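S.K.:
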Amino acid sequence: MPSNSSKEISFTSKVRVRFTETDPLGIVWHGNYIQYFEDGREAFGRHHGISYLDQQKHNFSSPIVKSTCEHKLPLRYGDVAEIRTTYVDSAAAKMIFRYEIMNPEGKVVCTGETVQVFVELQGELSLVIPNFFKEWKKKVGLLDG
Numbered sequence: 001m002p003s004n005s006s007k008e009i010s011f012t013s014k015v016r017v018r019f020t021e022t023d024p025l026g027i028v029w030h031g032n033y034i035q036y037f038e039d040g041r042e043a044f045g046r047h048h049g050i051s052y053l054d055q056q057k058h059n060f061s062s063p064i065v066k067s068t069c070e071h072k073l074p075l076r077y078g079d080v081a082e083i084r085t086t087y088v089d090s091a092a093a094k095m096i097f098r099y100e101i102m103n104p105e106g107k108v109v110c111t112g113e114t115v116q117v118f119v120e121l122q123g124e125l126s127l128v129i130p131n132f133f134k135e136w137k138k139k140v141g142l143l144d145g
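All residue numbers for the sequence shown refer to the UniProt record's numbering, where the first residue is 1 and numbers rise by one.
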């Protein structure tokens, strides 16, 4: 985990490119990179204790309100890619994640970012940071005790 001054926490996971994710040339279709971002975000959440299921236990969900994706190189069927998912701290009631996907040679093939907001399961947008999220930020060293 980086120092508290950087206000970022990362986790790296892997994904194997499946045949169904490629076009007729065996290259990953561009829309699937957003799914890889989600795979990375879910792995990050399970590892750091802030998964979608953890949020639901506290009566919240966190829908994506913005996503960006920049393609640099292709992935191909059978490649095992690394997804580096980084949580970027914010004082607002939202979660920002940055992504870097690398091919088997370690070259960056795609970068991106998603922004999620907190919504109570009954549908009410939270304009303040939910208590469970404040506690999580303290636990991982992003907020002082």
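Each residue gets a CB set at the ideal place from its N, CA and C atoms; glycine is no exception.
Quick caveat, the model's predicted, so the values are computed rather than measured.
#1: I need the straight-line Cα distance from residue 12 to residue 59, nearest angstrom please.
#2: In this structure, what does DSSP give as the bridge partners for residue 26?
#3: Relative to the C-alpha of residue 69, which residue among 20, 129, 32 and 22 is closest?
#4: In the DSSP assignment, the beta strand (DSSP E) including residue 204 goes from what residue to what residue?
#5: For residue 125 and residue 21, I'd like the C-alpha separation in whole angstroms.
#6: When the Cα of residue 80 is compared with those of 56, 106 and 43, which residue comes out closest?
#7: Along the beta strand (DSSP E) that carries residue 96, what are the first and last residues, could you check?
#8: Return the first residue and the last residue of the beta strand (DSSP E) that residue 112 is part of.
M.R.: Result, derived from the coordinates:
#1: 28 Å
#2: Paired residue(s): none; residue 26 is not in a bridge.
#3: 32
#4: Absent from the model: residue 204. The displayed extent of the chain is 1 to 145, so no value can be given.
#5: 34 Å
#6: 106
#7: 94-102
#8: 108-117
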